[in-house]
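In the numbering used here, the protein residues as written are 9 to 653.
Shown next, in structure tokens, is the structure this report addresses.
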């Protein structure tokens, strides 16, 4: 696990060396064990590879990067882990490839040399890497299928900058960055971010999950000689799972196959040369991870790390204790005092790099800090199971639409009633959801518009129009997927695929990556492997969400006799939640002071936003997510100071 930097320029500037060093230094928390860089002359320009190493596999100098092929053609910098590197190594050795280290980096390099981009579907892991091909004069940038590991880039006519984190990249761009107003509005109005290649900075993009981009380096010098702009660089998708339904497995057979695949994932994800532990929230997903670790390793000491909210309705401590007792784990817990978030918020925002959606991200930050304090370098986490196995409310709208498109109206009636019986749901809401799937799109759009977003009172629409942003109230802020005709009758699978490939999971993985790496910890997510996703997305939809509305139906069956039944049978589990209101009330004056930066934003009406915040802080109104987003955005503006006009 590491931080990586790639920098190509036709014109090295006067303080070139110092700025490269500063850029790599900003990645030190991602790789505290060693920071290295190399410089190459390629395609009439200068290319720098920088690497900050967190040693996990092969702690010897053999794991040092950049890594070069024996013939000198390829050079690689890599952030992540290839969990099946031993199996791939054996396959490569059978074809005559010789190895000189025990690192997964050398295996990745050999895979690319032999198979090129065709090697990517073979990899079981999380990764972002840069591969230089001196013969073709190309730099290929690759991101893993789910976007577990980050990769940002900035490109102009004479310079290319690529980095694991925005602060590193910002050290090397040739001008002060400008705010991306469109992304800011999507965040403030709809809580949408990390859903595509946009960032909160104009001119800086992130490579999307499951994509690669091959950059022809000699195009820069050729365009410069001709007085032209280099041709645009187009990313291409290397992974996009099929969702066509399989009908060859019974429910029990599918559960058994899922069980085997998940246990194998756990076995591979336990490969580490440093101490590891697990994040445990008390829900099905993290409990499945912890209990599967015990199943695979009966004698392994297990340390778990948990956030508890004693005295709060969202406290999960009793469930956490039950799982720890089941597997005989050493339990570590963090309880957050109201003033803690005020003390840590700046560090959290700097670590995240961009605004984020709620205070649960702070609880996660503290869990990783706790793991660091106990000497843990690697953690396993249950992230991704909801998007893979239809958690949360079971993607009930998509499930209903599939039944409607299949003319399964009897099943739909049963589902509408059954789904409504679970905690936090109601029959009225279930019926309205079903009707929205039946009514024409124009009617549902009208109904959405009538439910006016209160945040619109904070927005100056005329100022937005002057920035080229039209009708934000009519934008689709629900995070819905783009429905394709070929997915008719498979809308649940289609929506899960959309969530897995960026439209939902992307933000959660960003939070986890930045929070864990802030404390130099590698967070592994064993639910998220290509093969398991490809398997689950082809299952009959009633295997994932039952005809009576039971979410994660197949997972609950697969984990019987591994996870305690009382956990698998839970109906009251909420998402990872925190008592936000009680955290924010004690920091009223300080929080209001942070909002001064809103005065710089001509598309905002600061005073109504500020009044909403005052009511929350004084206890006159309940905490709301828009209030948090306003506060978070204002503080981010102060810390990163982009140009806003």
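Cβ atoms here follow ideal geometry from the backbone N, Cα and C, with glycine treated the same way.
Burial state of residue i, where buried means 16 or more other Cβ atoms lie within 10 Å
{"i": "residue 245", "result": "exposed"}
{"i": "residue 465", "result": "exposed"}
{"i": "residue 98", "result": "exposed"}
{"i": "residue 446", "result": "exposed"}
{"i": "residue 451", "result": "Low confidence applies here, because residue 451 scores a pLDDT of 47, under 50, leaving its location unreliable; read the following figure in that light. Classification of residue 451: exposed, given that the 10 Å Cβ count is below 16."}
{"i": "residue 560", "result": "buried"}
{"i": "residue 553", "result": "buried"}
{"i": "residue 211", "result": "exposed"}
{"i": "residue 532", "result": "buried"}
{"i": "residue 454", "result": "Confidence in residue 454 is poor, its pLDDT being 46 and thus under 50, which makes the residue's placement unreliable; the coordinate value appears in the next sentence. Exposed."}
{"i": "residue 293", "result": "buried"}
{"i": "residue 458", "result": "Note that residue 458 scores 46 on pLDDT, short of 50, meaning its location in the model is unreliable; the coordinates nonetheless yield the value given after this. Result: exposed."}
{"i": "residue 486", "result": "Here residue 486 scores only 41 on pLDDT, less than 50, and its place in the model is too uncertain to base an answer on."}
{"i": "residue 534", "result": "buried"}
{"i": "residue 651", "result": "exposed"}
{"i": "residue 482", "result": "Below a pLDDT of 50, predicted positions are generally treated as unreliable, and residue 482, at 47, falls in that range; the measurement from the model is reported next regardless. Exposed, since its Cβ has fewer than 16 Cβ neighbours within 10 Å."}
{"i": "residue 484", "result": "Reliability fails at residue 484, whose pLDDT of 48 lies under 50, so the model's placement of it is uncertain and the value that follows must be treated cautiously. Classification of residue 484: exposed, given that the 10 Å Cβ count is below 16."}
{"i": "residue 163", "result": "buried"}
{"i": "residue 21", "result": "exposed"}
{"i": "residue 228", "result": "buried"}
{"i": "residue 654", "result": "Past the edges of the chain, shown from 9 to 653, lies residue 654, and the structure says nothing about it."}
{"i": "residue 59", "result": "buried"}
Beta bridge counterpart(s) of residue i as assigned by DSSP
{"i": "residue 524", "result": "In the DSSP output, where bridge partners are listed per residue, residue 524 has none listed."}
{"i": "residue 214", "result": "160"}
{"i": "residue 139", "result": "84, 148"}
{"i": "residue 339", "result": "312"}
{"i": "residue 134", "result": "89"}
{"i": "residue 206", "result": "213"}
{"i": "residue 219", "result": "245"}
{"i": "residue 467", "result": "612"}
{"i": "residue 224", "result": "146"}
{"i": "residue 171", "result": "13, 160"}
{"i": "residue 344", "result": "Answer by DSSP bridge pairing: none, since residue 344 is not bridged."}
{"i": "residue 186", "result": "651"}
{"i": "residue 388", "result": "286, 532"}
Residue j beta carbon less than 8 Å from that of residue i
{"i": "residue 143", "j": "residue 122", "result": "no"}
{"i": "residue 647", "j": "residue 603", "result": "no"}
{"i": "residue 285", "j": "residue 315", "result": "no"}
{"i": "residue 273", "j": "residue 537", "result": "yes"}
{"i": "residue 146", "j": "residue 287", "result": "no"}
{"i": "residue 150", "j": "residue 257", "result": "no"}
{"i": "residue 364", "j": "residue 471", "result": "no"}
{"i": "residue 35", "j": "residue 176", "result": "yes"}
{"i": "residue 278", "j": "residue 304", "result": "yes"}
{"i": "residue 567", "j": "residue 296", "result": "yes"}
{"i": "residue 174", "j": "residue 160", "result": "yes"}
{"i": "residue 404", "j": "residue 441", "result": "yes"}
{"i": "residue 16", "j": "residue 225", "result": "yes"}
{"i": "residue 518", "j": "residue 373", "result": "no"}
{"i": "residue 606", "j": "residue 614", "result": "yes"}
{"i": "residue 69", "j": "residue 84", "result": "no"}
{"i": "residue 345", "j": "residue 289", "result": "no"}
{"i": "residue 56", "j": "residue 45", "result": "yes"}
{"i": "residue 577", "j": "residue 369", "result": "no"}
{"i": "residue 425", "j": "residue 378", "result": "no"}
{"i": "residue 395", "j": "residue 504", "result": "yes"}
{"i": "residue 276", "j": "residue 397", "result": "no"}
Integer-rounded CB distance, given that residue j should sit under 8 Å from residue i
{"i": "residue 510", "j": "residue 204", "result": "7 Å"}
{"i": "residue 195", "j": "residue 637", "result": "6 Å"}
{"i": "residue 621", "j": "residue 600", "result": "7 Å"}
{"i": "residue 172", "j": "residue 432", "result": "So it is not a contact: roughly 38 Å between Cβ atoms."}
{"i": "residue 91", "j": "residue 132", "result": "5 Å"}
{"i": "residue 201", "j": "residue 191", "result": "7 Å"}
{"i": "residue 77", "j": "residue 116", "result": "With a Cβ gap of about 11 Å, residue 77 and residue 116 do not count as contacting."}
{"i": "residue 111", "j": "residue 166", "result": "The pair is not a contact, with the Cβ atoms about 35 Å apart (cut-off 8 Å)."}
{"i": "residue 281", "j": "residue 477", "result": "Contact flag wrong, Cβ pair sits at about 50 Å."}
Beta carbon proximity, residue i to chain D, threshold 8 Å
{"i": "residue 279", "result": "Absent from the structure is chain D; it holds one protein chain and no more."}
**OP:** Only counting runs of 3 or more residues, tell me where the beta strand (DSSP E) segments fall wholly within the region 490-574, in order along the chain.
**Re:** 530-532
**OP:** Tell me the start and end of each unbroken alpha helix (DSSP H) in the region 260-327 that is at least 4 residues and wholly inside, in chain order.
**Re:** 292-304
Original post:
At which residue ranges does the region 24-75 contain complete beta strand (DSSP E) runs of 3 or more residues, listed in the order of the chain?
Top reply: 42-50, 53-61
Original post:
Hey, which unbroken runs of the alpha helix (DSSP H) at 4 residues or more fall wholly within the region 401-444?
Top reply: 404-413, 417-428
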